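Colleague:
In full-length UniProt numbering, the protein residues as written are 1 to 173.
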């Protein structure tokens with residue numbers, strides 16, 4: 001099923017809102033943004049998550065902003081607050097998920113649509129992408145062992161991010 005078939009006329013609205021958010025990000029003066037990714041959630045993903053009632057989701061339109069350092073995540077969060085109407089902030093940096101997942105999620109309302117903007121470091125994004133690939137496989141042998149190993153890796157990556165932040169802070173004096 002195509003996006004247009006699933007979302008109907010809402011798809012054009014979602015696409016326009018996504019373009020508006022990306023244009024705002026790309027025209028910002030924030031030098032800390034390394035790169036962005038974005039998507040409109042696929043019909044398969046929506047159906048798996050909630051059925052065809054996509055209006056209940058806050059992350060149909062998703063944007064990910066990647067920075068180098070943890071302090072930049074909060075700089076981006078402040079900037080998001082200055083550009084968009086923020087509805088909710090989920091701080092998985094200060095309160096990681098049990099799996100070890102860390103990220104800052106800022107849910108905004110843009111032209112009547114909810115947009116989830118995730119802000120992470122390069123290292124956190126690396127872990128989340130690999131964890132996603134592994135987690136969504138059908139059958140995993142030794143799943144408990146793999147989950148504990150992923151958690152250990154997440155903790156190590158968080159430690160590396162703190163080390164890099166400390167180095168940056170010392171260099172900047």
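Beta carbons: idealized from backbone N, C-alpha and C, even for Gly. All figures in this text were calculated on a predicted structure; none of them were measured in a lab.
Just to confirm, is the Cβ distance from residue 60 to residue 14 under 8 Å?
Modeller: Yes, these two residues count as a Cβ contact at 8 Å.
Colleague: Which residues in the same chain have their Cβ closer than 8 Å to the Cβ of residue 162, if we skip the five residues on either side of it in sequence?
Modeller: Contacts found: 70.
Colleague: Have a look at residue 103 and residue 132 and give me their C-alpha separation to the nearest angstrom.
Modeller: Approximately 14 Å between the Cα atoms of the pair.
Colleague: Contact between the stretch 90-103 and the stretch 119-129 is defined here as three or more beta-carbon pairs at a separation below 8 Å; is this criterion met?
Modeller: The answer is yes - the stretch 119-129 touches the stretch 90-103, with three or more Cβ pairs under 8 Å.
Colleague: Quick one: what's residue 104 bridged to in DSSP?
Modeller: Partner(s): 91, 119.
Colleague: Rounding to the nearest angstrom, what Cα-Cα distance links residue 152 and residue 107 in this structure?
Modeller: Computed Cα separation, rounded: 28 Å.
Colleague: For the beta strand (DSSP E) that contains residue 67, what are its first and last residues?
Modeller: 61-67 is the span of the beta strand (DSSP E), which, as asked, contains residue 67.
Colleague: Which same chain residues, not among the five before or five after residue 168, have their C-beta less than 7 Å away from its C-beta?
Modeller: If we look at residue 168 and ignore the five residues flanking it on each side, its Cβ neighbours are 69.
Colleague: For residue 97, does the three-state DSSP call read helix, strand or coil?
Modeller: Looking at residue 97 - three-state DSSP - the assignment turns out to be coil, as it is neither helix nor strand.
Colleague: Tell me where the beta strand (DSSP E) around residue 33 begins and ends.
Modeller: Per DSSP, residue 33 belongs to the beta strand (DSSP E) from 33-40.
Colleague: According to DSSP, simplified to helix, strand and coil, what is residue 141?
Modeller: Coil.
Colleague: Assign residue 30 to one of three DSSP states: helix, strand, or coil.
Modeller: Three-state DSSP puts residue 30 in coil, outside helix and strand.
Colleague: Only counting the same chain, and skipping five residues up and downstream in sequence, which positions put a Cβ closer than 7 Å to that of residue 4?
Modeller: Correct list, in chain order: 11.
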